[in-house]
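Taking it in order: structure first as structure tokens, then the write-up.
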Amino acid sequence: PVTGRAADVIACAQTCFDAALRLIRPGNRVSDVSSPLNAIADSFQCTLVEGVMTHNMKQFVIDGNKCVLNRPSADQKVDDNLFEENEVYAIDVVVSTGEGKAKVLNEKQTSVFKRALNVEYSLKMKASRA
15 PVTGRAADVI ACAQTCFDAA LRLIRPGNRV SDVSSPLNAI ADSFQCTLVE
65 GVMTHNMKQF VIDGNKCVLN RPSADQKVDD NLFEENEVYA IDVVVSTGEG
115 KAKVLNEKQT SVFKRALNVE YSLKMKASRA
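FYI, this note's numbering numbers position 83 of the sequence shown as 97, with every residue one higher than the one before it.
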């Protein structure tokens, strides 16, 4: 079993996720989510990592235009939108026992492949077009 600060971080991340899951409801605002998450992290003596966002998703779009900053800062601002029915969100919660700033340890090249929605391909075989 995990004990100590590692257990605190895991419990904090789970509690923050559960709170975000309950707060992202139709009628609530984007600004209603971040302050309870920070209060939960403070109660576990942890911090949320800066720059981590929760995005809405659509078909073929993994990072939509509505987003929630888990830990808002002075240089990052998002629009205060309302959550609506039938919206899908990818909830990302990253918790740290340190100061909450991400550090690059090993510079590795990462790739995320996304479909370009404005590009159409002319495929020769009928089975490929289906």
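Ideal Cβ positions, reconstructed from N, Cα and C, are used throughout, including at glycine.
- [ ] Could you tell me if residue 116 is buried or exposed, where buried requires 16 or more neighbouring beta carbons within 10 angstroms of its beta carbon?
- [x] Residue environment: residue 116 is assigned as exposed (fewer than 16 neighbouring CB atoms within 10 Å of its CB, all protein chains considered).
Task: Nearest candidate by alpha-carbon position, reference residue 64, set 71, 70, 91 and 77 - done: Taking only the C-alpha atoms, the option nearest residue 64 is 91.
Open item on the list: I need the straight-line Cα distance from residue 85 to residue 72, nearest angstrom please.
Closed with: Rounded to whole angstroms, the gap between the alpha carbons of residue 85 and residue 72 is 24 Å.
- [ ] Could you pull the start and end residues of the beta strand (DSSP E) that residue 82 belongs to?
- [x] Per DSSP, residue 82 belongs to the beta strand (DSSP E) from 81-83.
TODO: Can you have a look at residue 87 and say buried or exposed, based on whether 16 or more other CB atoms are within 10 angstroms of its CB?
DONE: With fewer than 16 other Cβ atoms within 10 Å, it is exposed.
Open item on the list: For the pair the segment 94-103 and the segment 30-43, tell me if three or more CB-CB distances fall below 8 Å.
Closed with: Look at the beta carbons and you see the segment 94-103 touching the segment 30-43: at least three pairs across the two are nearer than 8 Å.
- [ ] Ignore the nearest five residues each way along the sequence and tell me which others in residue 51's own chain have a CB closer than 7 Å to its CB.
- [x] Taking residue 51 as the centre and dropping the five residues before and after it, the same chain places the C-beta of 30, 33, 34, 62 and 84 closer than 7 Å to its C-beta, in chain order.
- [ ] Could you work out which residue in 66, 23, 103 and 16 is closest to residue 37 when comparing CA atoms only?
- [x] Of the candidates 66, 23, 103 and 16, the one whose C-alpha sits nearest the C-alpha of residue 37 is 103.
Open item on the list: For residue 60 and residue 110, which I take to be in contact (beta-carbon distance under 8 Å), what is that distance rounded to the nearest angstrom?
Closed with: Going by Cβ atoms, the distance from residue 60 to residue 110 rounds to 7 Å, so yes, they are a contact pair.
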